[in-house]
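Chemist:
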Amino acid sequence: MSKILARRSFITAGLATAAGASGLGAAVYFADRYGLIPPDHAGIVGVGETLTYATQRLLTSGHSLAREFKRSDISKVPVVNGPHPTDEKYLTLLADGFKDWRLSVEGLVARPVSFSLEELKRLPAESHITLHACEQGWSYIAEWTGVRLATVLDLAGTRPESRYVVFEPFANPNQSRTVVRVQWESIDMADALHPQTLLAYGMNGEALPADFGAPVRLRLGRQIGWKNTKYLSRIVLTDRRDFYRKGRGTWYGGI
Amino acid sequence: MISEASVEAAVKTTSAPRHIALVRVTHWIIVLSVIGLLVSGIGILISHPRLYWGETGNLGTPSLIDLPIPFIIGPSVWERPYHFFFAWILVLTGLTYVVGSFITHHFRRDLLPAKADLRWNRIVAVVSEHLNAKRTRARSASPTGRSLNRSAQPQDAKRKSDSGQPQDAKRKRDSAQPQEWEQPADAASTYNVVQRLTYLAVVFGLFPAILWTGLAMSFGVTSVFPILATALGGHQSARTLHFVCVVLLLLFVIVHILMVYLAGFWRSVRAMITGYVPQGGKAR
Numbered sequence: 103m104s105k106i107l108a109r110r111s112f113i114t115a116g117l118a119t120a121a122g123a124s125g126l127g128a129a130v131y132f133a134d135r136y137g138l139i140p141p142d143h144a145g146i147v148g149v150g151e152t153l154t155y156a157t158q159r160l161l162t163s164g165h166s167l168a169r170e171f172k173r174s175d176i177s178k179v180p181v182v183n184g185p186h187p188t189d190e191k192y193l194t195l196l197a198d199g200f201k202d203w204r205l206s207v208e209g210l211v212a213r214p215v216s217f218s219l220e221e222l223k224r225l226p227a228e229s230h231i232t233l234h235a236c237e238q239g240w241s242y243i244a245e246w247t248g249v250r251l252a253t254v255l256d257l258a259g260t261r262p263e264s265r266y267v268v269f270e271p272f273a274n275p276n277q278s279r280t281v282v283r284v285q286w287e288s289i290d291m292a293d294a295l296h297p298q299t300l301l302a303y304g305m306n307g308e309a310l311p312a313d314f315g316a317p318v319r320l321r322l323g324r325q326i327g328w329k330n331t332k333y334l335s336r337i338v339l340t341d342r343r344d345f346y347r348k349g350r351g352t353w354y355g356g357i
Numbered sequence: 122m123i124s125e126a127s128v129e130a131a132v133k134t135t136s137a138p139r140h141i142a143l144v145r146v147t148h149w150i151i152v153l154s155v156i157g158l159l160v161s162g163i164g165i166l167i168s169h170p171r172l173y174w175g176e177t178g179n180l181g182t183p184s185l186i187d188l189p190i191p192f193i194i195g196p197s198v199w200e201r202p203y204h205f206f207f208a209w210i211l212v213l214t215g216l217t218y219v220v221g222s223f224i225t226h227h228f229r230r231d232l233l234p235a236k237a238d239l240r241w242n243r244i245v246a247v248v249s250e251h252l253n254a255k256r257t258r259a260r261s262a263s264p265t266g267r268s269l270n271r272s273a274q275p276q277d278a279k280r281k282s283d284s285g286q287p288q289d290a291k292r293k294r295d296s297a298q299p300q301e302w303e304q305p306a307d308a309a310s311t312y313n314v315v316q317r318l319t320y321l322a323v324v325f326g327l328f329p330a331i332l333w334t335g336l337a338m339s340f341g342v343t344s345v346f347p348i349l350a351t352a353l354g355g356h357q358s359a360r361t362l363h364f365v366c367v368v369l370l371l372l373f374v375i376v377h378i379l380m381v382y383l384a385g386f387w388r389s390v391r392a393m394i395t396g397y398v399p400q401g402g403k404a405r
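Each protein sequence line maps, in turn, to chains B and A. Its first residue numbered 103, the first sequence is counted upward by one per residue in this note's numbering. Its first residue numbered 122, the second sequence is counted upward by one per residue in this note's numbering.
(1) Start and end of the alpha helix (DSSP H) containing Thr194 of chain B?
(2) Identify whether Tyr242 of chain B lies in helix, strand or coil by the three-state DSSP scheme.
(3) Which residues in chain A have a C-beta closer than 7 Å to the C-beta of Thr154 of chain B? List them in chain order.
(4) Going by Cα to Cα distance, which pick from B:Arg110, B:Gly355, B:Ser241 and B:Ala128 is closest to Glu287 of chain B?
(5) Answer with buried or exposed for Pro187 of chain B, where buried requires no fewer than 16 other C-beta atoms within 10 angstroms of its C-beta.
(6) Would you kindly work out how many angstroms separate the C-alpha atoms of Phe272 of chain B and Ala312 of chain B, rounded to a whole number?
(7) Could you pull the start and end residues of the beta strand (DSSP E) that Pro271 of chain B belongs to?
(8) Given a cut-off of 8 Å, decide if Pro141 of chain B and Thr152 of chain B are closer than it, judged by their beta-carbon atoms.
(9) Going along chain A, which residues have a C-beta under 7 Å from Val147 of chain B?
(10) Just to make sure I have the definition right: I need the residues of chain B whose C-beta is within less than 8 Å of the C-beta of Trp209 of chain A. Which are they?
(11) With H, G and I counted as helix, E and B as strand and the rest as coil, what does DSSP make of Met305 of chain B?
(12) Can the beta-carbon of Ser358 of chain A be found closer than 8 Å to that of Leu167 of chain B?
(13) Is the shortest distance between the beta-carbon of Arg283 of chain B and the beta-carbons of chain A less than 8 Å?
(14) So what's Glu263 of chain B in DSSP terms, helix, strand or just coil?
(15) By the criterion of Cβ-Cβ separation under 8 Å, what are the contact partners of Ala235 of chain B in chain A?
(16) Any Cβ of chain A within less than 8 Å of the Cβ of Gly248 of chain B?
(17) Measure from the C-beta of Thr162 of chain B to each C-beta in chain A and report whether the shortest distance is under 8 Å.
(18) How would you list, in chain order, the residues of chain B whose beta-carbon sits under 8 Å from the beta-carbon of Val345 of chain A?
(19) How far does the beta strand (DSSP E) with Val338 of chain B in it extend, from its first residue to its last?
(20) Going by Cα to Cα distance, which pick from A:Leu371, A:Thr334 and A:Thr311 is closest to Ala137 of chain A?
(21) Would you tell me roughly how many angstroms separate the C-alpha atoms of Gly335 of chain A and Arg360 of chain A, rounded to the nearest one?
(22) Return the CA-CA distance between Val144 of chain A and Thr319 of chain A, expressed in angstroms with no decimal places.
(23) May I ask you to report which of helix, strand or coil DSSP gives Ser206 of chain B?
(24) Using only the alpha-carbon positions, how far apart do Leu185 of chain A and Thr260 of chain B sit?
(25) Which class does Thr232 of chain B belong to by DSSP, given the choice of helix, strand or coil?
(26) Under 7 Å Cβ-Cβ, which residues of chain A neighbour Tyr242 of chain B?
(27) For Ile289 of chain B, which residues does DSSP report across the bridge?
(28) Among the residues of its own chain, which have a CB less than 8 Å from the CB of Gly162 of chain A, if the five just before and after it don't count?
(29) Give me, in chain order, the residues of the same chain whose beta-carbon lies closer than 8 Å to that of Asn306 of chain B; leave out the 5 immediate sequence neighbours on both sides.
(30) Do Phe269 of chain B and Ile357 of chain B come within 8 Å of each other at the CB atom, strictly closer than that value?
(31) Taking all protein chains shown into account, do 16 or more other C-beta atoms lie within 10 angstroms of the C-beta of Asp307 of chain A, making it buried, or fewer, making it exposed?
(32) In the DSSP output, which residue or residues are listed as bridge partners for Phe217 of chain B?
(33) Could you tell me the distance, in whole angstroms, from the CA atom of Gly157 of chain A to the CA atom of Thr253 of chain B?
(34) Just mark Ser339 of chain A as buried or exposed, buried being the case when its beta carbon has 16 or more other beta carbons within 10 Å.
(35) Name the chain A residues whose beta carbon is nearer than 8 Å to that of Arg343 of chain B?
(36) Note down the Cα distance separating Asn253 of chain A from His227 of chain A, rounded to an integer number of angstroms.
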């Protein structure tokens with residue numbers, strides 16, 4: 103190889119490396135600024151998760167709607183994935199029609215509030231017939247009725263620094279402490295304010311059955327099954343990145 | 122001492138590698154990512170080894186395929202992030218390969234079949250030639266892939282002489298020079314029509330189909346492009362077709378490795394690593 107050619111390829115390689123490095127730096131800066139980096143971005147698989155989340159958030163930036171179905175598409179046999187809690191507190195509430203149950207909304211909000219089931223039902227209700235699919239492979243279609251999470255967050259007054267909404271279910275003392283801890287879920291503001299994101303209290307025209315998350319569960323149109331937290335008791339708004347469910351799988355469930 | 126022949130071989134070697142660097146590098150990255158995708162994909166599959174058609178499906182609903190393996194629920198949770206990690210590597214490497222192959226004319230030069238070869242009798246001839254060569258080889262117990270390559274030579278030369286395609290210009294140039302540096306150079310340095318069609322089908326058919334059926338299972342993606350799922354018949358159909366496409370890819374991989382073995386395993390593998398077919402007697 104001639105000297106000139108060697109020098110030229112050396113300069114080209116140097117320029118390409120510099121351009122690549124500064125391009126990557128700029129990409130990370132803008133991705134972070136526009137909220138395209140998920141909480142679980144660390145580690146080797148974090149690279150894939152970040153690419154998936156950033157790509158999908160750019161694609162879905164216009165509040166794209168999940169597919170909805172006809173009433174005749176509703177599955178005859180919806181899937182019970184794990185029965186309801188069996189501790190005394192939950193069973194008492196269940197027997198009582200959840201009269202004493204309250205859902206609190208806390209954290210980065212102007213006015214922490216809590217709602218009874220009746221109060222939630224008095225807020226504007228809507229229904230969506232959507233697909234519920236599990237990462238394992240099974241799926242069913244059901245009609246979900248409830249109030250938009252965006253409506254509830256509006257009433258509490260979301261502070262602008264909020265980045266994630268954390269959903270806490272009833273603790274189930276029959277399960278180990280670690281399992282209860284990992285039942286927390288969190289979503290970003292894009293999905294929290296999405297028009298198909300419901301606090302659902304009705305399923306297929308009836309009250310939400312206990313095994314499907316009574317009294318109220320989260321229903322996300324654009325995320326996989328396990329993100330749809332059942333048996334809600336507390337909603338917390340936060341800007342903390344480490345406030346997500348660790349110890350299993352990944353954070354973003356748009357898949 | 123440097124012999125005249127070795128100088129000529131070296132000159133030829135630097136000017137025309139068997140596989141260009143783009144093909145070699147992307148080939149092995151894709152091999153690794155496909156292995157990662159297979160392992161993690163099986164981990165996801167065994168958590169529910171039943172396949173359905175339409176949008177929905179579960180135990181208690183009719184299935185299309187019941188795989189005879191037990192339900193093992195744990196791994197899907199752990200494997201899925203790895204599946205996506207390797208999927209990103211595959212997609213980005215695959216894109217690099219496709220774009221780079223258009224730029225370097227790899228598709229046009231190495232994979233696009235000559236028009237004259239796109240006839241059934243030609244395709245059948247190539248297949249039967251291969252089968253015969255293998256049988257002859259097995260009988261003569263030759264340890265190298267030489268006999269196979271040599272027997273394929275007349276066929277190849279015939280094709281070149283009567284097809285006036287532009288991509289044949291380079292091959293004509295090659296064949297005009299004597300191939301003293303490597304005996305079966307002609308057959309070893311070009312793909313036959315069956316190979317060309319198969320590689321094109323894998324690159325432009327199978328891999329895109331695997332990607333499509335995978336994306337069709339994503340709620341985020343189908344909220345923007347619902348047709349990705351509806352065109353396939355629904356969420357579960359996409360899952361089933363994802364499985365079927367991977368089975369087809371595995372069939373390709375098995376035949377591919379078998380062919381590499383028959384052509385001389387280490388010889389072919391070295392060519393795909395270094396770019397050059399090793400010379401001399403130690404073919405394997």
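We put the CB at the ideal spot given by N, CA and C, even for glycine. The structure displayed is predicted, hence computed values, not measured ones.
Modeler: Short version:
(1) Glu190 to Ala197
(2) strand
(3) Phe205
(4) B:Gly355
(5) buried
(6) 12 Å
(7) Tyr266 to Pro271
(8) no
(9) Pro202, Tyr203 and Phe206
(10) Val149, Gly150, Leu153 and Thr154
(11) strand
(12) no
(13) Because the pLDDT of Arg283 of chain B is 45, which lies under 50, any placement of that residue in the model is unreliable, and the number read from its coordinates should be weighed accordingly. By this cut-off, Arg283 of chain B is not an interface position.
(14) coil
(15) Met338, Phe340 and His356
(16) no
(17) yes
(18) Leu161, Thr162 and Ser166
(19) Leu334 to Thr340
(20) A:Thr311
(21) 7 Å
(22) 16 Å
(23) strand
(24) 47 Å
(25) strand
(26) Thr177 and Asn179
(27) B:Val267
(28) Glu200, His204 and Val367
(29) Ile176, Pro180, Ala244 and Glu245
(30) no
(31) At Asp307 of chain A, the pLDDT of 48 sits below 50, so the modelled position is not reliable and the matter cannot be decided from this model.
(32) B:Leu205
(33) 43 Å
(34) buried
(35) None at all; the shortest Cβ gap to chain A is about 17 Å.
(36) 30 Å
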